[in-house]
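**Student:** In the working numbering, the protein residues as written are 10 to 155. Cβ atoms here follow ideal geometry from the backbone N, Cα and C, with glycine treated the same way.
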Amino acid sequence: MKLDGLDRAIIGVLVEDARATYAEIGARVGLSAPAVKRRVDRLLASGAITGFSARVEPSALGWTTEAYVELFCRGKTSPAEIGVAIARHPEVVSACTVTGEADALLHIRTTDVRDVERVIERIAAEPFVVRTKSAIVLSRLIDEKP
Numbered sequence: 010m011k012l013d014g015l016d017r018a019i020i021g022v023l024v025e026d027a028r029a030t031y032a033e034i035g036a037r038v039g040l041s042a043p044a045v046k047r048r049v050d051r052l053l054a055s056g057a058i059t060g061f062s063a064r065v066e067p068s069a070l071g072w073t074t075e076a077y078v079e080l081f082c083r084g085k086t087s088p089a090e091i092g093v094a095i096a097r098h099p100e101v102v103s104a105c106t107v108t109g110e111a112d113a114l115l116h117i118r119t120t121d122v123r124d125v126e127r128v129i130e131r132i133a134a135e136p137f138v139v140r141t142k143s144a145i146v147l148s149r150l151i152d153e154k155p
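1. Give the list of continuous beta strand (DSSP E) stretches no shorter than 3 residues that lie fully inside the segment 33 to 107.
2. To which residues does DSSP link R118 through a beta bridge?
3. Following the continuous beta strand (DSSP E) through V139, name the residue where it begins and the one where it ends.
4. What is the DSSP secondary structure of A113, reduced to helix, strand or coil?
5. Along the alpha helix (DSSP H) that carries R17, what are the first and last residues, could you check?
6. By the three-class DSSP mapping on this structure, what secondary structure does D152 have?
7. Is the distance from the Cβ of V146 to the Cβ of E75 below 8 Å?
8. Output needed for Y31: all residues of its chain with C-beta closer than 6 Å, excluding positions within five of it in sequence on either side, in chain order.
9. Per the contact definition of three or more C-beta pairs closer than 8 Å, is the segment 82 to 95 in contact with the segment 103 to 110?
10. Grouping DSSP H, G and I as helix and E and B as strand, with all else coil, what is E126?
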């Protein structure tokens with residue numbers, strides 16, 4: 010889908026505050042509330058906007074420890090196979106394939122360091138995993154940007 014300047018402005022407002030009303034968005038981008046609604050509906054239908062969600066402070070859910078885990082896989086393990094297996098671990102909050110020696114990089118959040126160890130042991134037990142290499146986050150320098 011090709012986005013024009015108004016679409017991008019509407020998306021920008023929604024990224025800042027997904028709870029903004031159509032009237033509030035319209036006031037910021039120079040459109041009426043019904044015009045904003047039509048555009049948001051079109052952006053949703055086209056897949057440009059994939060949904061709305063709340064951003065939650067991880068520590069509020071008890072997730073006070075996070076780590077990044079490099080995954081080294083056996084043979085020709087496909088990204089799809091890795092994804093299916095890793096999705097079974099709720100502590101994995103994101104995962105991607107990467108360049109370099111590792112096959113994938115996982116971001117995990119847990120309650121404490123012992124829990125990090127348990128999660129890594131469960132992941133390492135997957136049949137395609139040869140080894141893992143992990144790094145525990147000490148402090149965040151830049152948080153995710155919307």
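**Tutor:** Considering the structure as presented:
1. The DSSP assignment places complete beta strand (DSSP E) segments of no fewer than 3 residues inside the segment 33 to 107 at 74 to 82 and 101 to 106, in order along the chain.
2. Residue 118 sits at position 109 when you count from the first residue of the sequence shown. According to DSSP, which records beta bridges pairwise, R118 is partnered with E75.
3. The residue given as residue 139 occupies position 130 in the sequence shown. Looking at the DSSP string, the run of the beta strand (DSSP E) that includes V139 is V138 to I145.
4. As a working mapping, residue 113 is identified with position 104 in the sequence shown. Strand, per DSSP.
5. By 1-based counting over the sequence shown, the position of residue 17 is 8. Unbroken alpha helix (DSSP H) run through R17: G14 to E25.
6. Position 143 of the sequence shown, counted from the first residue, corresponds to residue 152. Of the three classes helix, strand and coil, the one that applies to D152 here is coil, per DSSP.
7. In the sequence shown, the residue the question calls residue 146 occupies position 137. In the sequence shown, the residue the question calls residue 75 occupies position 66. Taking 8 Å as the Cβ cut-off, V146 and E75 qualify as a contacting pair.
8. Numbered from its first residue, the sequence shown carries residue 31 at position 22. Cβ within range, chain order: A42, V45 and K46.
9. Contact between the segment 103 to 110 and the segment 82 to 95 is present, because at least three Cβ pairs lie under 8 Å.
10. Working through the sequence shown from its first residue, we reach residue 126 at position 117. Helix.
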